[in-house]
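Enquirer: Counting in this note's numbering, the sequence shown runs from 1 upward without gaps.
Where is the CB? At the ideal position from N, CA and C, for every residue including glycine.
The structure under discussion is supplied below as structure tokens; questions concerning it will follow.
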Amino acid sequence: MKLLIVLALLALPLTAGCAGGPPDPAPIAIPVPIPTLTATPQPFRTQTTFVDGVLSIDVRYHDGRTRTLDTVRHREQSWAVHLPRPTQPDYSSREWLLAENHHDGKILLYTVASWNDADPTDYLAAGWWLVYPPDVPIWAFEFATRGVFLDGPELNPAEPPKLPLTGTASYAGTAGGLYTYQYGRDWGELAESFEYTEFAGPISLTADFDQSRLTGCLGCLEPIETAPGRHLFPAVPWQGPDPAASPADYDLYFAASFGAAGDFEDTDIRVTHPDRTITRAAGTWRGQFSNVADVEGHPRRVVGSTDVHFAEADGSVGHFTGIFDALTPATLPPDDGDGSIGD
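See the structure below:
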């Protein structure tokens, strides 16, 4: 849906026959209406299994139905050479692109999984899917229902973590997903057009167990980068240029209170940019602490999903939808002293 930009010019006519009269006053632009932003919570829980190297994922439909895709029957592509080395020592990882063509529509699903080499039942799977109505082509992703997921034994709600009662813990990791931008009136020929790409960026979080409070930022450690077609390349362009409105200079700030079970959900979100005036931001972020502790007794990771909308003074509107995974420093391999991570 296009954002309508209304620009009215107020001009006073010159008195007839009065040459040399006062100049026309400068046109006055009516302020751009600030749109109502209603971010949709992105539930990240779904059922997965990982047995004998086969990953199965339940895809959720909005009407409550599920359909299970797995990495044998539904594999379109699979690879590992493009992945960075797993951040946890003695872990392996792989990613898959899955698809199903069914009479009631198509499903396109990307997933990445990491697992403990000594105990493959200790795994984490993450990704997102697109569920298409019948007869809609795969590249028309705007008509698809989007979903995100993170799952593994350490996120089992039936086995919640034992949270510390005092102290703090820091977490660092990555977030990724889909970034979209609708251009406003200050973008010239691009005004009212729409661009989208995948994004990836660093996320940092701090847990205050005294206050049961979690705060963090996406993009503060390093700029958010584009990753066009990195995961959903059949649907998201990967050969085109980056959007003119790059996500690189946006910072997204989050805050939430967490419960005794280590889960949280909040709408406390703020978006900043050094060169653009953010007039409104709205969104939800939710997540879960791991039930596996690091050597210091803190949950070793925090995972979750985000859905953030923001509006700018010229009528531009942006949107970040994605998932995140962050680990404590004690969970990561030691630094070799030269800036690299040791084995």
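Kindly indicate which residue of H62, T36 and D52 has the alpha-carbon position closest to the one of T46.
Expert: Nearest option by C-alpha distance: H62.
Enquirer: T166: which of A172, G127, F209 and L124 sits nearest, CA to CA?
Expert: When only C-alpha atoms are compared, the closest one is F209.
Enquirer: Judging by CA-CA distance, which residue of R286, Y132 and D58 is the nearest neighbour of F264?
Expert: Answer by Cα proximity: R286.
Enquirer: Return the CA-CA distance between G147 and F44, expressed in angstroms with no decimal places.
Expert: Straight-line Cα distance between these residues: approximately 8 Å.
Enquirer: Within the same chain, show all residues whose beta-carbon is closer than 6 Å to that of L109, passing over the 5 residues directly before and after it, in chain order.
Expert: Result list for L109: L69, L98 and W129, in chain order.
Enquirer: Output the distance between the C-alpha atoms of L4 and T36, rounded to the nearest integer angstrom.
Expert: Residue placement at L4 cannot be trusted, given a pLDDT of 32 that sits under 50; what the coordinates show is reported in the next sentence. Looking at the two C-alpha atoms, the distance is approximately 13 Å.
Enquirer: Using 8 Å as the threshold, is the C-beta distance between T328 and Y171 below it?
Expert: Cβ distance < 8 Å, so T328 and Y171 count as in contact.
Enquirer: Just the Cα atoms here: how many angstroms apart are P120 and F50?
Expert: Between P120 and F50, the C-alpha separation is close to 8 Å.
Enquirer: Using DSSP bridges, identify the partner residues of Q288.
Expert: According to DSSP, Q288 bridges with D263 and V303.
Enquirer: Could you tell me which of Q77, R276, P241 and R75 sits nearest to Y196, measuring between CA atoms?
Expert: Among Q77, R276, P241 and R75, the Cα nearest to that of Y196 belongs to P241.
Enquirer: Quick one: give me the first and last residue of the beta strand (DSSP E) that V271 is part of.
Expert: Its beta strand (DSSP E) spans residues D268 to T272.
Enquirer: Compare the C-alpha of S56 against each of P299, V295, R73 and A326 and name the closest.
Expert: Closest option to S56, Cα to Cα, is R73.
Enquirer: Around the Cβ of P299, are there at least 16 other Cβ atoms within 10 angstroms (buried) or fewer (exposed)?
Expert: With 16 or more Cβ atoms within 10 Å of its Cβ, P299 is classed as buried.
Enquirer: In the DSSP assignment, find the unbroken beta strand (DSSP E) run with W128 in it and report its ends.
Expert: D119 to V131 is the extent of the beta strand (DSSP E) around W128.
Enquirer: Would a check of beta-carbon distances place I269 closer than 8 Å to chain D?
Expert: Here chain D cannot be found, since the structure has a single protein chain.
Enquirer: Measure the C-alpha to C-alpha separation of F254 and R270 and round it to an integer number of angstroms.
Expert: When rounded, the distance between both Cα atoms is 7 Å.
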